[in-house]
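Q:
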Amino acid sequence: MPTLRRLRLAALALAAVAALAAAGCGGGDDGGAATAASAAGTTVPGTLADVPRIQHDLDPSVVTVLATTARGRSEGAGVAWDEHRLVTNNHVVEGARSVQVALSTGERVDAQVQATDPLRDLAVVRVPGTTLAPATFSRTIPAVGSLAVAMGSPLGLKESVTAGIISGVDRALPAGPGEQGALVGLLQTDAAISPGNSGGALVDAKSQVIGINVAYVPPQTGAVSLGFAIPAPTVRGVVEQLIRTGHAVHPYLGIRGAPLTPAMVQRFRPGTDHGVVVLSLESGGPGAKAGLKPGDIITGLGGRDIGGLSDLYTELLAHQPGDRVEVKLVRDGKARTVPLTLGARPAG
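Quick note: the sequence shown uses this note's numbering, first residue 56, plus one each step.
(1) What would DSSP say about Glu-370, mapped onto helix, strand or coil?
(2) Identify the continuous beta strand (DSSP E) that holds Gly-282 and give its terminal residues.
(3) Would you list the residues sitting across from Ala-270 in a DSSP beta bridge?
(4) Would you identify the three-state DSSP class for Glu-130, choosing helix, strand or coil?
(5) Cα separation between Arg-167 and Arg-181?
(6) For Val-279 versus Ile-310, is the C-beta distance shorter than 8 Å?
(7) Just list the beta strand (DSSP E) runs in the stretch 118-163, keeping only unbroken ones of 3 residues or longer that don't cross its boundaries, in chain order.
(8) Just the Cα atoms here: how many angstroms apart are Gly-87 and Ser-249?
(9) In terms of alpha-carbon separation, which member of Gly-398, Ile-220, Thr-327, Gly-339 lies closest to Asp-387?
(10) Let me check understanding here. Comparing Cα to Cα, which of Gly-240, Thr-124, Thr-102 lies closest to Ala-218?
(11) Compare the Cα-Cα distances from Ile-267 to each of Thr-186, Leu-364, Asp-360, Ala-135 and report the closest residue.
(12) Entirely within the stretch 285-349 and at least 4 residues each: give me those alpha helix (DSSP H) ranges in chain order.
(13) Determine which residues share a DSSP beta bridge with Arg-226 and list them.
(14) Determine the extent of the alpha helix (DSSP H) in which Val-199 is found, giving its start and end residues.
(15) Output yes or no for whether 8 Å exceeds the beta carbon distance between Ser-241 and Phe-283.
(16) Which residue wins for smallest C-alpha separation from Gly-363, given the options Gly-133, Pro-286, Arg-175?
(17) Taking a contact to mean a Cβ-Cβ separation below 8 Å, would you say Ala-343 touches Val-382 in this structure?
(18) Using the Cβ count rule (16 or more neighbours within 10 Å means buried), how would you classify Asp-378?
(19) Quick test of the definition: if touching needs 3 or more C-beta pairs under 8 Å, does the stretch 195-212 touch the stretch 292-307?
(20) So, Val-154 versus Val-120, is the Cβ gap smaller than 8 Å?
(21) Within the same chain, show all residues whose beta-carbon is closer than 6 Å to that of Arg-291, passing over the 5 residues directly before and after it, in chain order.
(22) Could you pull out every residue in the same chain whose Cβ sits closer than 7 Å to the Cβ of Gly-223, ignoring the five residues on either side in sequence?
(23) With distance defined between alpha-carbon atoms, name the residue in Ala-270, Ser-129, Ala-313 nearest to Val-156.
(24) Going by CA-CA distance only, name the one from Leu-395, Arg-322, Glu-337, Pro-349 that's closest to Leu-356.
(25) With a threshold of 6 Å on Cβ separation, who are the neighbours of Glu-337 within its own chain once the five nearest residues in sequence on each side are excluded?
(26) So the beta strand (DSSP E) Ile-248 belongs to, where does it begin and stop?
(27) Quick one: using the 10 Å Cβ neighbour count with 16 as the cut-off for buried, is Val-304 buried or exposed?
(28) Closest to Ala-188 by CA distance: which of Thr-354, Tyr-368, Val-142 is it?
(29) With respect to the alpha helix (DSSP H) encompassing Pro-394, which residues constitute its N-terminal and C-terminal limits?
(30) Can you check DSSP and say which residues form a bridge with Ala-218?
(31) Ends of the alpha helix (DSSP H) at Arg-108?
(32) Within 10 angstroms of the Cβ of Ala-390, are there 16 or more other Cβ atoms? Answer buried if so, exposed if not.
(33) For Ala-178, which residues does DSSP report across the bridge?
(34) With Ile-265 and Pro-197 assumed to form a contact (beta carbons below 8 Å), what rounded beta-carbon distance in angstroms separates them?
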């Protein structure tokens with residue numbers, strides 16, 4: 056039987072391949088960052104016949120966001136969170152001197168950035184004096200193969216709609232120059248995403264927002280229809296913090312991980328068919344202090360089963376730095392439980 060060290064090397068190779076595939080990716084109109092998605096999803100298949108209804112349902116909730124920055128003008132999209140706030144990408148409004156929102160009615164209104172989370176590339180924008188039509192944000196990760204409809208304003212073409220499927224979950228994109236960190240747990244879709252789609256809605260057949268569009272791999276890299284969105288459960292956790300406290304706190308384990316794939320399970324028979332493989336640990340971080348080791352496979356955290364990176368991040372969002380949690384893992388084919396005290400992710 057192959058060793059767990061070889062399992063770790065295979066996971067490292069997988070992560071490297073993903074990073075190479077994502078090299079040169081862009082998001083919005085200024086090459087923004089990307090984020091992550093999770094494991095097993097909820098099945099809402101849908102067909103192209105559903106698209107007109109979905110567009111009709113979500114059209115009042117999806118707006119165009121126009122920001123003036125020191126570098127010039129940034130244009131993206133946003134999705135109504137409540138009657139006076141919308142969610143968009145941080146990179147759409149980062150450094151904004153002024154912000155305007157173009158509604159589906161054609162009316163333009165002034166807006167203000169309320170709070171941002173650069174690490175997860177999300178921002179809350181307040182639109183006073185205007186009543187928005189809040190969208191419904193899903194609490195679950197969609198199933199691979201289910202309908203995905205992207206809504207936004209690519210290249211200034213307002214109220215554009217493209218359709219495809221969820222091509223994958225638990226995707227990760229590396230940080231670009233000047234960005235704070237890689238985006239992980241992303242949804243992958245083949246619905247066309249272009250500059251200006253950033254901050255817009257990725258929607259399922261039930262007209263629920265399943266993600267916030269964040270990045271795409273441009274055609275000059277040889278990619279065809281590779282777009283990414285921040286999954287709705289991640290968005291919900293971050294936005295609720297931003298509204299409540301003005302900032303998002305990110306508890307962390309101090310590990311670098313990769314999802315355990317079916318191919319790894321078949322080849323290495325690690326003793327579990329799901330989880331996150333620990334590739335490396337930050338020296339002195341919470342995971343290292345708790346005794347985690349490279350090659351461990353995390354299968355549970357705080358009472359939640361962990362199928363992939365988004366499950367891990369979603370569970371972390373339910374906790375605060377300093378919380379003591381139990382980590383279920385498989386090491387050398389044997390299950391064990393390790394107590395761990397969560398840390399606070401360092402800034403930068």
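Note that the Cβ used here is the ideal one computed from N, Cα and C, for glycine as well.
Note that the structure is a prediction, hence the values are computed from the model and not measured.
A: To lay it out plainly:
(1) helix
(2) Under the DSSP assignment, Gly-282 falls in the beta strand (DSSP E) whose first and last residues are 282-286.
(3) Phe-283
(4) Of the three classes helix, strand and coil, the one that applies to Glu-130 here is strand, per DSSP.
(5) First, the residue type needs correcting, since residue 167 is Gln and not Arg in the sequence shown. Taking the straight line from one Cα to the other gives about 5 Å.
(6) No.
(7) 127-135, 140-143, 151-157
(8) Because the pLDDT at Gly-87 is just 33, under 50, the model does not fix this residue reliably, and the value given afterwards should be weighed accordingly. One alpha carbon belongs to Gly-87, the other to Ser-249, and they sit about 12 Å apart.
(9) Thr-327
(10) Thr-102
(11) Ala-135
(12) 287-300, 317-323, 341-345
(13) Leu-241
(14) No alpha helix (DSSP H) holds Val-199; DSSP gives it neither H nor E.
(15) The amino acid at residue 241 is misidentified as Ser; the sequence shows Leu. Going by C-beta atoms, Leu-241 is nearer than 8 Å to Phe-283.
(16) Pro-286
(17) no
(18) In the assembly as shown, Asp-378 is an exposed residue. Its beta-carbon has fewer than 16 other beta-carbons within 10 Å.
(19) Counting Cβ pairs under 8 Å, fewer than three are found: no touch.
(20) yes
(21) Phe-192
(22) Val-199, Gln-243
(23) Ser-129
(24) The shortest Cα separation from Leu-356 among Leu-395, Arg-322, Glu-337, Pro-349 belongs to Leu-395.
(25) Gly-309
(26) No beta strand (DSSP E) holds Ile-248; DSSP gives it neither H nor E.
(27) exposed
(28) Val-142
(29) It is not in any alpha helix (DSSP H) - Pro-394 instead sits in the beta strand (DSSP E) that spans 389-396.
(30) Val-204
(31) 106-113
(32) exposed
(33) Partner(s): Thr-143, Thr-171.
(34) Indeed they touch by this definition, with Cβ atoms about 5 Å apart.
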